[in-house]
Each structure stands twice: as C-alpha cells, then as structure tokens.
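K.L.:
Here the protein sequences come in this chain order: V and Y.
Remember, our numbering sits 28 above the position in the first sequence when you count from 1.
Remember, our numbering sits 1 above the position in the second sequence when you count from 1.
Positions of the beta carbon are idealized from the N, C-alpha and C atoms, including for glycine.
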Amino acid sequence: MSQSAIALRNSFQTLLDFGAFLRREMRPKGRILTPFNVITVAIMLVAVVVLVDRFAHGLGAVTNLSQEFPWGIWIAFDVITGVAFAGGAYVLCFMVYILGMEKYRPILRVTVLNGFLAYVFYSGALLLDLGRPWNVVNPIIGNSFGVSSVMFLVAWHFLLYTLMEFIEFSPAIAEWAGWKRLRVTLHGLTLGAVILGITLSSLHQSGLGALFLMARDKVHPLWYSEFIPIMFLISSVFAGLSMVIFEGSISHKVFHHRLGRDLKRRHSEIVLGLARICAGTLLVYVFLQVIVFVHGQRWAFMLTGWGSWYLVENVGFVLLPLVLFLAGIRLENTRVIGTAALLTLLGIVLNRLNISIIAFKWYAPVRYVPTWQEVVVTLAVISAELWVFRWIVNRMQVLDIAPLRSVKDSDVERLHASAA
Amino acid sequence: MRRRSAVKTLALAAGSTLVGRNLAQGAAPKRGVVDGGAVDTPAILVDTTRCLGCRMCERACAEANGLPEPPKSVEPGVVRDTSETQWTVVNRFETENGPVNVKRQCMHCLQPACASACLTKAMHKTAEGPVTWDPDKCMGCRFCMLSCPFDVPKFEYDSPNPRIMKCQMCWSRLEEGEVPACVQNCPAKAIVFGPRSEMLELGRERIYASPEKYVHQIYGEHEAGGTSLLYLASVPFEQLGFRTDLSTESYPALTTEFLYSVPLVDIALPVFLLGLAKAAKGRHEPESEVDR
C-alpha cells in the first residue's frame, strides 16, 4: 500500500473515531425527566408551532407589532437587553488578558461561553424578527453596504465579535476533542481575539444605543439624550458583571459537580471584586444621568407620570443596587451582592425596554404589549441557549479550569519549542 | 437610460433658472445648488387652501402603484394615516378658518433618516430626488420606520414576503418624463410639481400675494433639514396634524458624530489595548495552571 493511501486511511479512521466520540458525547448525562427539561421542551415545541405560523402568515399573525411600534420584545428584550447582559465577557477578558488580573481567570471561560452563546442565540432571534431574512447576507457579502447606517455598524461588529468570542472559547473545544496541536494554535490567537473583541464590543454596545439617536422625537425626553451610546456602553459593564454574579450563584448550585477547585475556593473573593467594579461603574452611570438630567433641563417632566416612572427606574434599580453593592462589599456579604446584582439586571431590562418600547412613542394612544406568542418564542430562545450551555458545561472544561489535564504540559512545551 | 435623460432635462431646467438667478445677483454660479446648500431636486407643493378634499389623488395613487382601491367614503373627523395599502391620504380638519383638507404622503426629505438608517441601501435617496425602496436589498429590519420622523414607511405585517410601503414619488413616471399621478389628477391644481427652488418661490409668491390667506410658513422648507414635499396652509400647521416640534437640522446628522468615532475607535483602541497588555505583562505570575 502506498504512503498516501495509508495516510488517507488513517485520516479516515480519525474521522470515524471522532464521529464515535461525538455520538457518545451527544448522549444525555443525568436524568431526563426533570422539571427543567419538561418545561423547556414544552416551551420550545410551542415556539416551533408559533414560528411556523409566523413564517407562513407574516409577523402580524403572531406579534402585536404595528406601524407605530416596529420593534417589539424580540428586539428590545432578546437583542438589546440580551447583548447588555452578555457584556461580562468583554469586561472580564479586559481584566484578565489585558490587565493581567489572574484572580478572575477561573470564571473567564464560563463567561466567554455565556457571551458567545448569547450572541449566537440573539442573532438567531433577530432572524425571526426580520421581515425578509433571506436578504440578511446583503450587508455582509458586499451586495450593498449601507455605511451611513448605525445598524450596518452594529451588524458587522456583532458578527465579528461573535467570531472573536468563538476563537476565545475554541481552546476548550480543542481540549475536549483532544486536538492537542490545534489547541496550541488556537490559544495563540487568544490575545488578538481579545483585543479585537473588546474594541468591537465597545462599539456595538454603544451602537445599540446609537440606533435610537434618530428617534429623537419619539423617545420620551427623560430617556433620550445624545449620550445614549455612552450610557449603553457604561451600563453594559455593570449589566454584564451583574449577570456574571447572578449566573455564578446559579451555576454553583446546578453545576456543583463540575466546579473546579480554584473556582470553589475563590468564588466569594471573585464576587466581591466584581461587586466593586459594578459599584464603580454604577456610580459613573449615576453621575452621567445627573449631568444629562440637569443639562437637558428635565425638571419639567418630573411632575408627570413619566417622571415617577423615571424615578422608579433610576432610584429603585440604579441607586438602590448601588447602595446594596457598597453595603455588600463593606459587609463582605455575597447574598447582599447577589440581591444588588439581580436589581441591577432588572434595572437594565427596564432601561432598555423604556427606551425601545415603553417610553418610545410615549404620546401614542395605543400601546404595544407583546402577545403570548412573542413571550413564548423569547422563552424558547433562552431555553435553547440553556440546553446548549448545559451540554457544553457538562462535557468541556468550562467551570473547572485545569484544562491541561488532557494536554500534558510537556506536550505543549515541546510544540512551542518546535514552533519557535 | 430614459431615467437619466429625464433627470438631465429636469436638472438642466432647474440649473438654467438657477444660473440665471445667480448671475443676476452677481454670484458665482454653482451647479445644482440653491440657497442654504440644498440640492435642487424635484418637489411637490401642496396648497391646502386649494384642496377640495375630493380624494382623486388617493385613487390616482392606488391606480398608478397597483394598490387596492381606497375606501369610497371616509368617516368624518377620523384622521387616517397612510398605510401599507394607501400611500397617500387626504384628511379633513375642522379649523377656525373652516375645513382644511390635507394630503399626506412621504415627505421625500433632502437628507432622509430612513435612507441613512438602511444598512442595505434598500431605502435610497435617488440622485433624481425620490426616496425609493428596493425589495432585493431590504431585509425587513424596520429600522427605517423607527428612524423616520414622519412615520412614513409602512410594513406589510400580514405577509410572509413583506414589503416596506410608501410613496416613491412615482419615480417610474418621472423616468418617462411625466409628473406624479397625484399631481396629474388633481382637479383643483392644489398640487404642483417642479424643481424645489421654484416650488419655494411659488409658495412665497402666493403667501406675499395674499398675506391674510396664508400662515407665513412653508412647511417642509426647513423641517427635518428640508423636504421635497412643501405645504401652504391658512392655519398653523399643528392644527393640521403636522409635527411642528421637529428639528430643522437633518436627522442623519444626529448619528454622524457617533459614526465618525467608529473608525477612530476601531483603529486606536486595539493599539492602546495591545500596549496596555504588554505593559501589564510580567507584573504578576499566572496563578492557575492554565495558559502558562
């Protein structure tokens, strides 16, 4: 048999082995009939029916979208709020890879994974909302570049960032599959991906706010200012980190068996550190809000119902969590910090929904309220994401950071030496 | 290429009047540019004092654009909006000066928010003036609807193959050298079509000739940075369903600062981050066994 035939047979065998490995890994781990599984599967099945209806009969068949309200919760919650929640990935990458804060490394992978999945599923959700999704490639393949559009910028930065997050996470996939050499290569790409990722994030996080710049006469003046992009960027920092704190507390219970030694030992220390950053950025945010409020001469609106609603958001879900974060840091109490994080997240939901739905067209006689179908599809998107997240966490080294177990140190060093 | 020639004729016509005027004033002629730097595009002047409210324009519009026939009768007192099946509507407003009929449609802004919002250039301000929509480019994100200060673009929510619907100033008729269907079919000559500078002149002439009949404002001259639909009225425009709180600067200008910062950040931030990463390196040893 010739040399090439052997090589071919070997690579074919490798492929077969990997197929078998994949089949093995596809099998569920743990019990199948859990309340979580039953509920999420039911939600996803209903969503499939809803989506068939949506693609057969148009958006009007399942949503309450109208000529007055072109964007509903599929955009306002799934995309605009969800992306803010996924901001933890770029912030943590900045802390660990750029500033060298090794303390936070144990939670890095899970945060990057969460961010990556969030982007994949939210852009997926975006496709459901597009009226003509078959044209979605137009701004990407260069068929027609609308470079004067904020949306064009957001789309590109969104897409590229998702790719960067995939590169950042890819070493974990290589470890899981046992691709030692590839892991070294992928790992070498990390710093570049991180640097580009942070840049892309800063622009698309603010870009989501910039989408509303032209809606100046539609968003209530209490929520509109030319600083919306900066507010979106700053709030994505504490929104993302609050999500990390919140998810961390859940992961600790659900994936206790998967937690690494480092993470178990360090968890409260990490949470305290994140709380400090949340408090700091919340403080900056409050300052900016005050400046915008005074500069925009918004006192006149405070006596209206909208003024009260503005106070609910900014006192109840910005100032209060700020105080709780500070108290939690002082008392070194992760429970108080957890509460603060949860309130912060609710505040972000309120803020994003206010700008894009509630205080949008505040003068319109008919309000937009999502249909049950819109809610179900949103829940289904979250459910699907959680399924994939669970599948990965149960198989790859995400929460237990000791990834060199599968790749021996000596292997890596030898490869490095041969590469050099 | 017919479109080109029609445009050329129009541009030449507009240009010659301009040149004439500019030379008379002793200023250097600047091709195609009129007062305030606005390009002299075709425009439609709607004189609401002349409109009878016969709604012939609605019918002509539907026929020219293949839309369903507009309702035979309309409920008095109900202000209708343009819709995905009706690109223009005439509403009757009861005012201190008696009933006033107002025809509404796309304003065809000089610097349209919808076109600058469009990431695929499906919504597009043609060189000839009309703001048009291209089904092969649009992905249906509806950002144009969010951005338009006049809420003009409408979406076919009940279609699996939805289109963005709005007045396109009959650009295919303009190509043929004709005027928009609504203009041609107005029995009262309440709608006039021509170069924007001339339409503004005509509007001013009418206001000056009968100052007691008109409010001294041409709606659309400055609104949203100037529009190709220009309105004359006998009562203040807020009484006729017009938004009078709109900016006089163009809406795309609201995003230019942000858009200009994008290439800057895209270039400067990675360099800064790389420097920061290198500077911070070696400050501390990695503590976990990973990524050594």
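So is Y/Glu222 buried or exposed if we call it buried at 16+ other beta carbons inside 10 Å?
P.N.:
Y/Glu222 is buried by the Cβ-count criterion.
K.L.:
Quick one: residues in its chain with C-beta nearer than 7 Å to the C-beta of Y/Gly38, no 5 flanking neighbours on either side, listed in chain order?
P.N.:
Reliability fails at Y/Gly38, whose pLDDT of 46 lies under 50, so the model's placement of it is uncertain and no value is given.
K.L.:
Using C-beta distances below 6 Å, list every residue in its chain close to V/Leu136, excluding the 5 sequence neighbours before and after it, in chain order.
P.N.:
Cβ neighbours of V/Leu136 beyond the five flanking positions: Leu120 and Val124.
K.L.:
May I have the straight-line CA-CA distance separating V/Trp207 from Y/Phe273, to the nearest angstrom?
P.N.:
Rounded to whole angstroms, V/Trp207 to Y/Phe273 spans 33 Å at the Cα level.
K.L.:
Check the Cβ-Cβ distances between Y/Ala128 and every residue of chain V, and say whether any is below 8 Å.
P.N.:
No, no contact with chain V.
K.L.:
Under three-state DSSP, which class holds Y/Arg4?
P.N.:
For Y/Arg4, the pLDDT reaches just 48, beneath the cut-off of 50, and the residue's location in the model is therefore unreliable, although a value from the coordinates is still provided. Three-state result, Y/Arg4: helix.
K.L.:
Relative to the C-alpha of Y/Ile165, which residue among V/Pro98, V/Pro199 and V/Ala243 is closest?
P.N.:
When each option's Cα is compared against that of Y/Ile165, the closest is V/Pro98.
K.L.:
Between the Cα of Y/Val216 and the Cα atoms of Y/Tyr232, Y/Thr228 and Y/Gly227, which residue gives the shortest distance?
P.N.:
Closest option to Y/Val216, Cα to Cα, is Y/Tyr232.
K.L.:
In the DSSP assignment, find the beta strand (DSSP E) that holds Y/Pro43 and state where it starts and stops.
P.N.:
First-last of the beta strand (DSSP E) with Y/Pro43: Pro43 to Asp48.
K.L.:
DSSP has V/Arg244 in a bridge; who is on the other side?
P.N.:
For V/Arg244, which the question treats as bridged, DSSP gives no partner whatsoever.
K.L.:
Consult DSSP for Y/Arg22 and reduce its assignment to one of helix, strand or coil.
P.N.:
Low per-residue confidence applies at Y/Arg22: pLDDT is 40, beneath 50, and the placement is therefore not dependable enough to give any value.
K.L.:
Quick one: residues in its chain with C-beta nearer than 8 Å to the C-beta of V/Trp334, no 5 flanking neighbours on either side, listed in chain order?
P.N.:
These residues qualify, in order along the chain: His248, Leu250, Ala387 and Trp390.
K.L.:
So, for V/Glu341: in the same chain, excluding its five sequence neighbours on each side, which residues have a beta-carbon less than 7 Å away from its beta-carbon?
P.N.:
Closer than 7 Å at the Cβ level, and outside the excluded window around V/Glu341, lie Gly375, Leu378, Asn379 and Asn382.
K.L.:
At a cut-off of 7 Å, would you count V/Tyr118 as near the ligand FAD, judging by its Cβ distance to the nearest heavy atom?
P.N.:
In terms of ligand content, the structure shown is empty, and the ligand FAD therefore cannot be addressed.
K.L.:
Take V/Ala205 and list the residues in its own chain whose beta-carbon comes closer than 8 Å to its own, dropping the five residues that flank it on each side.
P.N.:
Cβ within range, chain order: Phe46 and Phe49.
K.L.:
Is the Cβ of V/His285 closer than 8 Å to any Cβ of chain Y?
P.N.:
Not one chain Y Cβ lies under 8 Å of V/His285.
K.L.:
With V/Leu310 and V/Phe353 assumed to form a contact (beta carbons below 8 Å), what rounded beta-carbon distance in angstroms separates them?
P.N.:
Sure, about 7 Å apart at Cβ, within 8 Å.
K.L.:
I want to verify the contact list: residues of chain V whose CB lies under 8 Å from the CB of Y/Gly141, in sequence order.
P.N.:
Within chain V, the residues near Y/Gly141 are Leu158, Gly159, Arg160, Pro161 and Asn163.
K.L.:
In chain Y, which residues lie with their C-beta within 7 Å of the C-beta of V/Pro167?
P.N.:
Per Cβ cutoff of 7 Å: Leu120 and Thr121.
K.L.:
V/Gln95 CB to nearest chain Y CB: under 8 Å?
P.N.:
Taking Cβ atoms only, chain Y reaches closer than 8 Å to V/Gln95, which makes this a yes.
K.L.:
From Y/Ser235 to Y/Ser148, what distance separates their C-alpha atoms?
P.N.:
Roughly 30 Å separates the two Cα atoms.
K.L.:
Use the C-beta contact count for V/Trp162: other C-beta atoms within 10 angstroms, 16 or more gives buried, fewer gives exposed.
P.N.:
Flag for V/Trp162 reads exposed.
K.L.:
As a quick exercise: from Y/Ile219, Y/Gly54 and Y/Pro154, pick the residue whose alpha carbon is nearest that of Y/Glu199.
P.N.:
Among Y/Ile219, Y/Gly54 and Y/Pro154, the Cα nearest to that of Y/Glu199 is on Y/Ile219.
K.L.:
Taking a contact to mean a Cβ-Cβ separation below 8 Å, would you say V/Ser230 touches Y/Val266 in this structure?
P.N.:
Yes.
K.L.:
Mark V/Ile169 as exposed unless 16 or more other C-beta atoms lie within 10 angstroms of its C-beta, in which case mark it buried.
P.N.:
Exposed.
K.L.:
Would you say Y/Lys190 lies against chain V (beta-carbon separation less than 8 Å)?
P.N.:
False, the Cβ-Cβ gap to chain V never drops below 8 Å.
K.L.:
Look up Y/Lys282 in the DSSP assignment and give the residues it is bridged to.
P.N.:
In the DSSP output, where bridge partners are listed per residue, Y/Lys282 has none listed.
K.L.:
Between the Cα of Y/Gln87 and those of Y/Arg60, Y/Asn102 and Y/Gly99, spot the shortest distance and give me the residue it belongs to.
P.N.:
Checking every option, the nearest Cα to that of Y/Gln87 belongs to Y/Arg60.
K.L.:
Let me know the secondary structure DSSP gives Y/Gly33 once reduced to three states.
P.N.:
Note that Y/Gly33 scores 40 on pLDDT, short of 50, meaning its location in the model is unreliable and no value can be drawn from it.
K.L.:
Quick check: what's the CA-CA separation for Y/Tyr158 versus Y/Leu230?
P.N.:
Looking at the two C-alpha atoms, the distance is approximately 27 Å.
K.L.:
Between the C-alpha atoms of V/Ser279 and V/Ile410, what's the straight-line distance to the nearest angstrom?
P.N.:
The alpha-carbon atoms of V/Ser279 and V/Ile410 are separated by roughly 16 Å.
K.L.:
If you measure beta-carbon to beta-carbon, which residues of the region 145 to 168 of chain Y are closer than 9 Å to chain V?
P.N.:
Taking 9 Å as the Cβ-Cβ cut-off against chain V, the residues of the region 145 to 168 of chain Y that qualify are Cys145, Met146, Leu147, Ser148, Cys149, Pro150, Asp152, Pro154, Lys155, Phe156, Glu157, Tyr158, Asp159, Ser160, Pro161, Asn162, Pro163, Arg164 and Ile165.
K.L.:
Tell me, please, whether the region 256 to 271 of chain Y touches the region 71 to 81 of chain Y by the rule of three or more beta-carbon pairs shorter than 8 Å.
P.N.:
Cβ pair count under 8 Å is below three, so no.
K.L.:
Could you spell out where the alpha helix (DSSP H) holding V/Asn24 opens and where it closes?
P.N.:
Residue 24 of chain V lies beyond the range of chain V shown here (29 to 448); nothing can be said about it.
K.L.:
Among the residues of its own chain, which have a CB less than 7 Å from the CB of V/Leu339, if the five just before and after it don't count?
P.N.:
Once the five neighbours on either side are set aside, V/Leu339 has no close Cβ partner at all.
K.L.:
Taking the DSSP output, what are the residues bridged to Y/Lys126?
P.N.:
The partner list for Y/Lys126 (beta bridge, DSSP) reads Y/Val132.
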